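Data first, discussion second: the structure below is written as structure tokens.
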Ligand SMILES: C[S@@+](CC[C@H](N)C(=O)[O-])C[C@H]1O[C@@H](n2cnc3c(N)ncnc32)[C@H](O)[C@@H]1O
């Protein structure tokens with residue numbers, strides 16, 4: 004039988020797997036028992052930038068699955084602190100983390116968050132959330148900025164004054180406006196592209212320090 008040539012989608016998928024398998028951060032994550040290579044993006048930001056998470060802090064991790072950021076955050080907040088992770092997907096339990104499966108922007112998600120907070124105020128919001136990728140660059144960009152808007156709205160409502168925010172975004176349409184908007188709520192904004200973030204990816208992180 005004649006061999007069928009691979010579709011464009013299949014070629015793209017196998018190229019992704021190839022890249023993934025050869026990625027040094029993926030290999031390091033496997034070796035160190037991390038849930039995902041994303042852990043190194045957060046640890047680099049915590050090591051090199053002024054996101055100072057003190058013992059006793061309350062941190063909300065939006066879009067936490069499979070859980071590598073939440074896992075890294077636990078020793079930073081210590082036993083008096085609180086890490087709450089929320090995601091649409093289920094997450095394998097993490098010691099010291101309150102996990103919620105919900106859309107963070109839904110009434111159910113908000114209610115579950117309030118319950119997990121038990122009256123405590125949020126010191127830091129981190130978000131590695133990404134939209135479901137459609138493959139259409141403009142659509143994906145708009146979805147990412149939409150998530151950023153929702154995250155900022157959440158922070159404006161729930162983050163304490165002086166608190167910090169870290170969120171993933173994509174460079175492209177709508178970004179400049181969003182950064183300006185973020186500047187209305189935070190005293191200092193930094194753009195960060197960690198080494199573990201693929202150079203070919205439009206993703207980078209916005210760090211907002213000192214909520215006004
Ligand atoms: C790149 S992953 C996060 C990886 C995570 N930081 C880690 O280190 O394991 C992005 C996550 O955002 C979640 N997500 C996207 N939109 C969301 C929403 N509205 N509410 C909750 N989670 C969301 C996705 O389900 C996905 O698991």
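Residue numbers (the working numbering): 4 to 215. Glycine is no exception: its CB is placed at the ideal position from the N, C-alpha and C atoms. Given the structure is predicted, the values throughout are model-derived calculations rather than measurements.
Check                                                                                                       : Outcome
Cα-Cα separation, residue 141 to residue 180                                                                : 16 Å
Contact test: residue 106 Cβ vs ligand 1 heavy atom, cutoff 7 Å                                             : yes
Span separating the alpha-carbon of residue 112 from that of residue 32                                     : 30 Å
Through-space distance from residue 182 to residue 22, alpha-carbon basis                                   : 31 Å
Among 199, 200, 213 and 206, nearest to residue 185 - alpha-carbon criterion                                : 213
Residue span of the alpha helix (DSSP H) that contains residue 152, given as start and end                  : 140-161
DSSP three-state assignment for residue 211, whether helix, strand or coil                                  : strand
Ranges of the beta strand (DSSP E) found wholly within the segment 62-106, counting only runs of at least 3 : 85-90 and 100-104
Residue 126 - containing beta strand (DSSP E), residue span                                                 : 125-130
For residue 200, the nearest candidate out of 92, 172 and 84 (CA to CA)                                     : 172
Beta-carbon gap between residue 145 and residue 65 smaller than 8 Å                                         : no
DSSP three-state assignment for residue 166, whether helix, strand or coil                                  : strand
Residue 219 beta carbon near ligand 1 (any heavy atom closer than 7 Å)                                      : A query on residue 219 cannot be resolved here, the shown segment of the chain reaching from 4 to 215 and no further.
Check: residue 38 C-beta below 7 Å from any heavy atom of ligand 1                                          : yes
Pair within 8 Å by beta-carbon distance, residue 61 and residue 84                                          : yes
Close beta carbons around residue 68, own chain, < 6 Å, minus the five adjacent residues each side          : 90, 92 and 94
Residue 197 burial status per 10 Å Cβ neighbour count (16 or more: buried)                                  : buried
Assigned exposure category for residue 74 - 16 Cβ within 10 Å defines buried                                : buried
Exposed unless 16 or more other CB atoms sit within 10 angstroms - verdict on residue 4                     : At residue 4 the pLDDT is 47, less than 50, meaning the model places this residue with poor confidence and gives no usable figure here.
beta-carbon residue 131 near ligand 1 non-hydrogen atom, thresh 7 Å                                         : yes
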